[in-house]
Structure formats: structure tokens, C-alpha cells
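Below is one structure, written out as C-alpha cells; the observations come after it.
There are 2 protein chains.
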Amino acid sequence: MFSERQQQIVETAIKLIADKGIQNLTTKNLANEIGISEPALYRHFDNKLEILKAVIINFQNKMQPAFNKLKRSANSLNNIERFILEHFKIINHNPDFAKVIFSEANFQNEEILILKMNNMMDQSHKILDSIIQTGQKKEEIRADITSLSLVRIIIGSMRLLVTQWSMSSMIFNLETEGKQLCNDIRKLIATE
Amino acid sequence: MFSERQQQIVETAIKLIADKGIQNLTTKNLANEIGISEPALYRHFDNKLEILKAVIINFQNKMQPAFNKLKRSANSLNNIERFILEHFKIINHNPDFAKVIFSEANFQNEEILILKMNNMMDQSHKILDSIIQTGQKKEEIRADITSLSLVRIIIGSMRLLVTQWSMSSMIFNLETEGKQLCNDIRKLIATE
DNA sequence: CACCAGTTAGTGAACACTAACAAAGATAAT
DNA sequence: ATTATCTTTGTTAGTGTTCACTAACTGGTG
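Here the protein sequences come in this chain order: A and B. Going by the numbering used here, the first residue of the first sequence is number 1, and it counts up by one from there. Going by the numbering used here, the first residue of the second sequence is number 193, and it counts up by one from there.
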């Protein structure tokens, strides 16, 4: 899909965004960081927007496998656990991603980018929602609370944890803390 | 504190950010929107950063009263409910705020702004944490889950709801949906 | 006459992007 | 096998635009 050079440009772009925010992603900085001239970038991407699109596609490509791995087990609570932990694992191993995701507000003026991001989020929410609804039918998950609320609670707390991790310069271990949160969520939503 | 003109500048800045993101907040747009010339802005603020600081202070000034109103009742669950609903109420009545808060990632390169924002968030989290801990001692709130996790779950789901509301162009009623979420949270965290 | 709150005109810096050219390797004709 | 041409990927130098901000001046008010 992407040539080697394109991949390098995308990864350097992610690094720059993670480092000092999306304002730091200028064609000049990007070219300097790679060690080529500015116009050389335009041999590989039409314009800066295309580079940002590629960043999101790259993100999708790393996240997709996690989605596909899910929904294997019979136990819904285990499926939710996997859903949560797999997300933390990927983000933990690609810490730059966290900062890029939360630059989503910065994509505000580029509708295409927001759309792509929202699609990704939606997909993730829908998978969790279907796991929860199955669990509620099988009486493994409390059914006195709407699946919509449960999705909001789970995704919301996940996102907040990642935000706190990112803001704290990754001072704590995301996977450890994530496991704790996951256990607590499990206790909350399981039928008694 | 702020003169009339300063207040007008701050409010227009918030409007511009809410409208098209923080990139839309240029001195030119700001001056045009108010109907004065660009250099006139500099009669009221030293530079653009000072305007952004004022935006955050303005936000704090609107949020602070909500914090002070809390912790009156004896019942911890009612206190949490008030904490949640009061937040949604303020944001619902100042919809532009939502977008500004979630531009927090855009403040990334301005340490002072992030610091101010984080302080505000921290304060909010600490209040909720203390309410929860009191509730756990009084056995009104389940104590088999750490207050840290409960804070993350509550704040996280609140933030996600606001994000969804903001992203959907305020298509649903934040206070109604907030009440639903609040009831569900109450069910989850109450002792049986 | 001093000061406040505006104005017009313009500054240098940074931005995304382009024009024109160059070197090297692949392809193909002689 | 040698030569000619094309394509790919880079370069230097520079474009117009936008940005935050300033210098110098001005009209109105106490």
C-alpha cells in the first residue's frame, strides 16, 4: 500500500505530533526530521492533508487486527475483558498513538479526517455494544441498565485512563492500571 | 476583573473556537467578528496568549459556583447525582464551552494553558473522590471497588457523553441523556 | 492638554507548496 | 556491449498567503 518512504513519512509525522502536538507537524519539521528537503515530501504525497489521512489509515491498520481477534469466547465478560485489555495493549505499545487520537479535536477543521476518526470510534462502540447485548440476554451482564449506558461507561473510563496516562507522560503502566480498571468494571456490570 | 471590551473579546474568542476549532481563532477573525480593527485588540490584551488565558479563567469562573454548591446533602448518592447533573447543566447552557474544553489537546504547546486546565480537572476529580470515599465509609456506595476506579468511570462516561453531544452538533438533549446516565451510574455504584 | 480607544498601513516570520533543474538507475534501440 | 532516453527521487531557490504584532497617527472625552 504505502512505499517505504511513505511509511517513513507517516511514522515521522506521528512522532512529531506525539512530541509537541499537531502544530509541530509542519512540512519543514517533517522534512528536517527525516533528513530530506521539503519538496521531496511532495514526491510521495500530494499535500499535507494526504499525509494526515495516511496517519489515520496507519492507525486503523494497527487497530483493526484487535477487532478481528475478538468475540471468540462463549463468556461475554471475558469478551469484554479482552476488548478492553487489547485496546490498552495496542496503545501501550504505540504510545505516540494516544496523543494523535486526542488530537482529534485538532482535526476539527478537516471534515474528512473527523469522519474517518468517528467511523473508527463508532465501529469500536458497536462491537462492544453487541457483546454487551449478548451478555445481557445470557444473563451474564446486568440487564437493568441500558447497553448504551454501559458502552458509555466502559469506553468513557477507558478513554479517560488513556488521557491521564498520556497527560502524565506515561508515568504509570497503562496495562497494569488498565487491568485494575477492567476488573472493577467487570465487578460492576456482572449479574450477581 | 475584565472590562466590558475584554469580556466581549473573550466571549467572541470562545464562539470562534466553538464554531470551527482553535485554528479559527486568529486575531483577524476575532477583530472582524467584533467589528473592530486588529490592533484594537492589543489595547485590551498584551498578546494572543493572554486572550486564551482569559478564556480559561472565564471558564473557571462559570464552573466554580457549581463546585461550591455541592456537598450539602447527607446522602452521598444524592451528592454524586448533583455533581453530575450540575456539570451537564452548565455545559448545556454554555454549549460553546464543550468544544473549548475538548480543544485542550490544542493547548498542548502552551504549558501554562495545559496547567490551568489540568488544575481545573484535578479539582473536580478530587471533589468527586471525596464524596465517593465518604459514601463508601457510610456504606451507601460499594466499597469493593476503589474510589479511583469509580472516579474514572463516572468522569470518563460524563466526558464521553459531552464529546458525543458536541460531535453530534448537540442533536440530543444533554440534560435528559445526562439524567439517564446518572441514574444508571447510581444503580451500578450503590450498595445492594 | 493628556489620555484612552480606536484607525491605516505595514513588518518580519512561518506556512504550504511550486518551478526548474540534476543525478542515478531502469529500459530499450542500435 | 554501448548508447540514448525515460522515470524516479532528490535538490536549490523562491512563490504568495497568512500569521501575530507594531509604528504612527487621530478623534473624542474629562
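Note that the Cβ used here is the ideal one computed from N, Cα and C, for glycine as well. Just so you know, these numbers come straight off a predicted model, no measurement behind them.
In chain order, which continuous runs of the alpha helix (DSSP H) of length 4 or greater are located wholly inside the segment 229-272 of chain B?
230-233, 240-261
CB of Val-343(B) within 7 angstroms of CB of Ile-206(B), strictly:
By one-based count along the second sequence, residue 343(B) stands at place 151. By one-based count along the second sequence, residue 206(B) stands at place 14. Taking 7 angstroms as the Cβ cut-off, Val-343(B) and Ile-206(B) do not qualify as a contacting pair.
How is Ala-335(B) classed by DSSP in three states: helix, strand or coil?
Position 143 of the second sequence, counted from the first residue, corresponds to residue 335(B). Here Ala-335(B) sits in coil by DSSP.
In chain A, which residues lie less than 9 angstroms from Ile-272(B) when you measure between Cβ atoms?
Here the question's residue 272(B) lines up with position 80 in the second sequence. Ordered by position in chain A, no residue passes the 9 angstroms Cβ test against Ile-272(B), which lies about 14 angstroms from the chain.
Kindly confirm or deny that the segment 305-324 of chain B and the segment 338-357 of chain B touch, where touching means at least three C-beta pairs closer than 8 angstroms.
Yes, the segment 305-324 of chain B is in contact with the segment 338-357 of chain B.
Against chain B, which members of the segment 153-172 of chain A pass a CB distance test of less than 9 angstroms?
Ile-153, Ile-154, Ile-155, Gly-156, Ser-157, Met-158, Arg-159, Leu-160, Leu-161, Thr-163, Gln-164, Met-167
Arg-5(A) to Lys-240(B), Cα distance in whole Å?
In the first sequence, residue 5(A) corresponds to position 5, counting from 1. In the second sequence, residue 240(B) corresponds to position 48, counting from 1. If I take the Cα positions, the gap works out to 38 angstroms.
When the cut-off is 7 angstroms and only beta carbons count, does Ser-316(B) lie next to chain A?
The residue given as residue 316(B) occupies position 124 in the second sequence. Not closer than 7 angstroms to any Cβ of chain A, the Cβ of Ser-316(B) fails to qualify, so no.
Identify which residue in Asp-321(B), Leu-277(B), Ile-248(B) has its Cα closest to the Cα of Lys-261(B).
Along the second sequence, read from residue 1 onward, the residue named residue 261(B) stands at position 69. Of the listed residues, the one whose Cα sits closest to Lys-261(B) is Leu-277(B).
Which two residues bound the contiguous alpha helix (DSSP H) that contains Asn-310(B)?
Start at 1 with the first residue of the second sequence, and residue 310(B) comes out as number 118. Run containing Asn-310(B): 303-329, per the alpha helix (DSSP H) assignment.
Find out if the Cβ-Cβ distance for the pair Arg-378(B), Leu-269(B) is shorter than 7 angstroms.
The sequence position of residue 378(B) within the second sequence is 186, counting from 1. The sequence position of residue 269(B) within the second sequence is 77, counting from 1. Closer than 7 angstroms, so yes.
Using the Cβ count rule (16 or more neighbours within 10 Å means buried), how would you classify Lys-116(A)?
On the first sequence, position 116 is the one that residue 116(A) refers to. When all chains shown are included, Lys-116(A) counts as buried.
Alpha carbons only, please: which of Ile-272(B), Arg-264(B), Gln-199(B) is nearest the one belonging to Asn-253(B)?
Taking the second sequence and counting its residues from 1, one reaches residue 253(B) at position 61. Comparing Cα-Cα distances from Asn-253(B) to each of Ile-272(B), Arg-264(B), Gln-199(B), the minimum goes to Gln-199(B).
Of the choices Glu-192(A), Glu-175(A), Thr-191(A), whose alpha-carbon is the least far from that of Phe-83(A)?
Here the question's residue 83(A) lines up with position 83 in the first sequence. Checking every option, the nearest Cα to that of Phe-83(A) belongs to Glu-175(A).
At the 7 angstroms Cβ level, is Ile-145(A) part of the contact set with chain B, yes or no?
Counting from one through the first sequence, the residue named residue 145(A) turns up at place 145. It does: the Cβ of Ile-145(A) has a partner Cβ on chain B nearer than 7 angstroms.
Can you find at least 3 beta carbon pairs, one from the segment 328-343 of chain B and one from the segment 165-185 of chain A, that sit closer than 8 angstroms?
yes
CB-CB under 6 angstroms to Ala-258(B), same chain, minus the five flanking residues each way: which ones, in chain order?
Walking along the second sequence from the start, residue 258(B) turns up at place 66. Excluding positions up to five away in sequence, the list reads Glu-278, Ile-282.
Given a cut-off of 7 angstroms, decide if Ile-201(B) and His-395(B) are closer than it, judged by their beta-carbon atoms.
This structure cannot settle anything about residue 395(B), because the visible part of chain B is limited to 193 through 384.
In chain B, which residues lie less than 9 angstroms from Gln-180(A) when you measure between Cβ atoms?
Locating residue 180(A) in the first sequence gives position 180, counting from the first residue. The answer, in chain order, is Thr-338, Leu-340, Ser-341.
Do you know whose CA, among Pro-95(A), Lys-20(A), Ala-40(A), lies nearest Asn-173(A)'s CA?
Here residue 173(A) is taken as the residue at index 173 of the first sequence, counted from 1. Looking at the Cα atoms, Pro-95(A) is the closest of the given residues.
Please tell me whether Leu-41(A) and Thr-26(A) are closer than 7 angstroms, where the distance is taken between their beta carbons.
To locate residue 41(A), count along the first sequence from 1; it is residue 41. To locate residue 26(A), count along the first sequence from 1; it is residue 26. No.
If distances are taken between C-alpha atoms only, which option among Asn-216(B), Ile-272(B), Asn-267(B), Ser-360(B) comes closest to Lys-318(B)?
Locating residue 318(B) in the second sequence gives position 126, where the first residue counts as 1. Ranking Asn-216(B), Ile-272(B), Asn-267(B), Ser-360(B) by Cα distance to Lys-318(B) puts Ile-272(B) first.
Which residue comes first and which comes last in the alpha helix (DSSP H) that contains Asn-224(B)?
Here the question's residue 224(B) lines up with position 32 in the second sequence. Taken as a continuous stretch (DSSP letters only), the alpha helix (DSSP H) holding Asn-224(B) covers 219-226.
Once you ignore the five residues that flank Met-362(B) on each side, which residues in its own chain have a CB closer than 8 angstroms to its CB?
If you number the second sequence from 1, residue 362(B) lands on position 170. Excluding sequence neighbours, Met-362(B) sits near Pro-287.
Tell me which residue opens and which closes the alpha helix (DSSP H) that Ile-209(B) is part of.
Here residue 209(B) refers to the residue found at position 17 of the second sequence. Counting along the chain, the alpha helix (DSSP H) containing Ile-209(B) begins and ends at 196-212.
Closest Cα partner of Glu-33(A) within the set Met-167(A), Lys-138(A), Thr-12(A), Asp-19(A):
What you label residue 33(A) is simply residue 33 of the first sequence in a count that begins at 1. Of the candidates Met-167(A), Lys-138(A), Thr-12(A), Asp-19(A), the one whose C-alpha sits nearest the C-alpha of Glu-33(A) is Thr-12(A).
Any C-beta of chain A within less than 8 angstroms: which residues of the segment 308-333 of chain B qualify?
Asn-310
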